[in-house]
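Just so you know, the numbering used here puts 435 at position 435 of the sequence shown, and the rest follows in order with no gaps. Beta carbons are placed, not taken as given, at the ideal position from N, Cα and C, and that holds for glycine. Following: one structure in structure tokens, then a few remarks.
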Amino acid sequence: MSKKISRRSFAEKTAAITLASLLPRSVFADSSSPQRVVVHGDSELGVVRPEFHGHFAEHLGSCVYGGLWVGKGSPVPNVEGYRKAAVEYLATLGVPVLRWPGGCFADDYHWRDGIGPASKRPRRVNIHWGGYVEDNSFGTHEFIGLCRKIGAEPYFAGNVGSGSPEELRDWIEYCNFPSGSTLADERAANGSPEPFCVRYWGVGNESWGCGGAMRPEEYAEAYRRFSVYLREFGGTKPFLVASGPNGNDERWTRPFMEGLRWERPDGISMHYYSGGGTRSTQFTVEEMKKQLSSFALVEKAVVQQRALLDGFQRGSEVGLIVDEWGVWDQMVEEEEKRFGRLWQQSTMRSAVAAGLGLNLFNRQADKIYMCNIAQMVNVLQSLLLTDGPEGQHCVRTTTYYAYELFKPHRSKTALRVETSDTSPLGLSVSASKSDQDLVLSFVNPQHDADMQVDCSLRNLSVTEGSARILHDNDLNAYNGFDNPDRVTPKQHPVTVEGSRIRLELPSLSVATVTLRRKT
Ligand code: AHR
């Protein structure tokens, strides 16, 4: 049934819109809803491990080739073959950990293809991501070089699906044994006499799917067999990450854990994507709501998977890793052709999604070990976008800036917070403290409601503070190649009165308040 709009109500509506666009937003007290927040200064949850802000780079589309790595002879400005702008932006942001080379690609990657003189490396077909040929010019040494340039700890995803325990064991020896073994000496001959001391090793990826299509019982068997040989070489004890569930799928985690004997992986890799049924820059409010609501499910998955693991004997020794996460929108064929597979724009909505994710990681700091967004450059919810593999442009996306806003939380102690509205699209908050500072992050996922945040601090007081905000009224706003600074963080007013903090949070915004604690 169609609703008839009277002339009068239309006129009133138009007048209100006109007036609203002329006056400062804060005049419209009734368009803002008061949001009460309590931060419990003495209720400590755990450390916000810097690894919650980890990344993932796969041989997929133009993430590695053309994104991070352009080659030494490239017309794209580069440092030793690495895209210069990407290295600079990532080093500035700080990348605690970087997972490579996949994803699905990992279980079809044979590490020996990527060592030795580049001209002699085999050319291989990337079977997962479009059947194009890769020249293997980016291999183990190049990845370690990238990690050193951006300050990231390397995390190798090993091949279980099409590989063998011997192959993976040898990769670890090649990387970590100091000298005197044939593999260590080969590494030295390839230009790196010092061991790489790589700690993080994935034992397969999505072994329930592209990583071998195994049943959980079969994977438990494979894990047991592989892990026998994945040893400490030269004093670097490997941190082994088992392939975990797709989302909150206990039908994977439980039988896998039951299939182990005394073995306990150091980590288990859960993947949780937040799908979107629309192209990135054409989201409707309804589509956005659907996608953003899924972050409540990610939080539930963290809580439930943690509880499930803890239910096993010595299950608490297994670190829960949200190894691939982020928004996965509908791809645009033309963009994928020009820029690479799974190339996706990052909008204001994506930044809100990043904020919801990073906030929930803080809130569940005691339950998680590491979280890696998918992916770093040019693929899915990336932090940087280039205009194709040969493109000279490299922009920092809205997601990059969301990460920048959360950086002050790293290594601080997460605190319990309470909010008046706990619905999936209510105000999202997290807090962390050090001896000197208190850091609060707020996300307003509403498209049409500004929020007046009134935050009380319990057992904690502060003297002064400042805030930065990422905001755009348009949920589809993004940093394009012709407008790279459309959505960037700005200073934002905040009122600090002893143990009361107040600020206005416009619709679709991510804000971080950094406060000086009273000593
Ligand atoms: O990130 C893209 C793909 O998503 C990865 O290769 C795979 O692990 C997941 O299914």
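Counted within 10 angstroms of its Cβ, other Cβ atoms place Ala402 as buried (16 or more) or exposed: Locating residue 402 in the sequence shown gives position 402, where the first residue counts as 1. Buried, because 16 or more other Cβ atoms sit within 10 Å of the Cβ of Ala402.
Buried or exposed (CB count within 10 angstroms, at least 16 for buried), Asn483: Position 483 of the sequence shown, counted from the first residue, corresponds to residue 483. It counts as exposed.
Rounded C-alpha distance that separates Arg468 from Ser441: Residue 468 sits at position 468 when you count from the first residue of the sequence shown. Residue 441 sits at position 441 when you count from the first residue of the sequence shown. Rounded to whole angstroms, Arg468 to Ser441 spans 10 Å at the Cα level.
beta-carbon Glu80 near ligand 1 non-hydrogen atom, thresh 6 Å: Within the sequence shown, residue 80 is the residue found at index 80, counting from 1. Remark: the C-beta of Glu80 is outside contact range of ligand 1, defined as less than 6 Å to any heavy atom.
Inter-residue spacing [alpha-carbon to alpha-carbon] between Leu240 and Asp185: Reading the sequence shown from its first residue, position 240 is the one you call residue 240. Reading the sequence shown from its first residue, position 185 is the one you call residue 185. Leu240 and Asp185: Cα-Cα distance of roughly 25 Å.
Collapsed DSSP secondary structure at Gln291 in the structure displayed: Stepping through the sequence shown from its first residue, residue 291 is reached at position 291. DSSP, read as helix, strand or coil, puts Gln291 in helix.
Gly202 classed as buried or exposed, judged by whether at least 16 other C-beta atoms fall within 10 angstroms: In the sequence shown, residue 202 corresponds to position 202, counting from 1. The residue is buried, with at least 16 neighbouring Cβ atoms inside 10 Å.
Per-residue DSSP class, three states only, for Ala20: Numbered from its first residue, the sequence shown carries residue 20 at position 20. Residue placement at Ala20 cannot be trusted, given a pLDDT of 35 that sits under 50; what the coordinates show is reported in the next sentence. Of the three classes helix, strand and coil, the one that applies to Ala20 here is helix, per DSSP.
Exposed unless 16 or more other CB atoms sit within 10 angstroms - verdict on Trp343: Numbered from its first residue, the sequence shown carries residue 343 at position 343. Buried.
Beta-carbon proximity check, Ala351 vs Val513, cutoff 7 Å: Numbered from 1 along the sequence shown, position 351 holds the residue referred to as residue 351. Numbered from 1 along the sequence shown, position 513 holds the residue referred to as residue 513. Not in contact: Ala351 and Val513 (Cβ atoms no closer than 7 Å).
DSSP-derived helix/strand/coil call for Lys3: As a first step, residue 3 must be located in the sequence shown, where it is residue number 3. Bear in mind that a pLDDT of 31 at Lys3, under 50, signals an unreliable position, so the model cannot answer this.
Candidates Pro122, Gly46, Glu317 and Gln305: closest to Asn362 by CA position: Taking the first residue of the sequence shown as position 1, residue 362 is located at position 362. The option with the nearest alpha carbon to Asn362 is Gly46.
Boundaries (first-last residue) of the beta strand (DSSP E) holding Phe105: Taking the sequence shown and counting its residues from 1, the one referred to as residue 105 is at position 105. If you look at Phe105, you'll find it isn't in any beta strand (DSSP E); DSSP assigns it neither H nor E.
Cβ-Cβ separation, Gly326 to Leu380 (assumed contact under 8 Å), whole Å: Numbered from 1 along the sequence shown, position 380 holds the residue referred to as residue 380. Numbered from 1 along the sequence shown, position 326 holds the residue referred to as residue 326. Contact between Leu380 and Gly326 holds: their C-beta atoms lie close to 6 Å from each other, under 8 Å.
Chain-order list of residues whose beta-carbon lies under 6 Å from that of Arg25 (same chain, five-residue window excluded): Position 25 of the sequence shown, counted from the first residue, corresponds to residue 25. Residue confidence is low: Arg25 scores 41 on pLDDT, short of 50, so the model does not pin down where it sits. Its coordinate-derived value is still stated next. Around Arg25: no qualifying Cβ.
For Ile469, the residue or residues it bridges with in DSSP: Here residue 469 corresponds to residue number 469 of the sequence shown, with the count starting at 1. Answer is Lys490 and Ala511.
Shell residues, 5 Å Cβ cut-off relative to heavy atoms of ligand 1: The set, ordered by position in the chain, is Gly103, Cys104, Glu206 and Ala374.
Near ligand 3: Pro178 beta-carbon under 6 Å from a heavy atom: The model depicted lacks ligand 3 and carries ligand 1 instead.
Exposure label - Trp252; buried when at least 16 CB within 10 Å: Against the sequence shown, residue 252 aligns to sequence position 252. Counting Cβ neighbours within 10 Å, Trp252 comes out buried, since at least 16 surround it.
Residue environment, Asn459, which counts as buried when at least 16 other CB atoms sit within 10 Å: Residue numbering aside, residue 459 sits at position 459 when the sequence shown is read from its first letter. Looking at its Cβ environment, which holds fewer than 16 other Cβ atoms inside 10 Å, Asn459 is exposed.
Cβ-based neighbour list, Gly388, same chain, cut-off 8 Å, excluding 5 preceding and 5 following: In the sequence shown, counting from the first residue as 1, residue 388 sits at position 388. Once the five neighbours on either side are set aside, the close Cβ partners of Gly388 are Ser62, Gly66, Arg338, Phe339 and Gly340.
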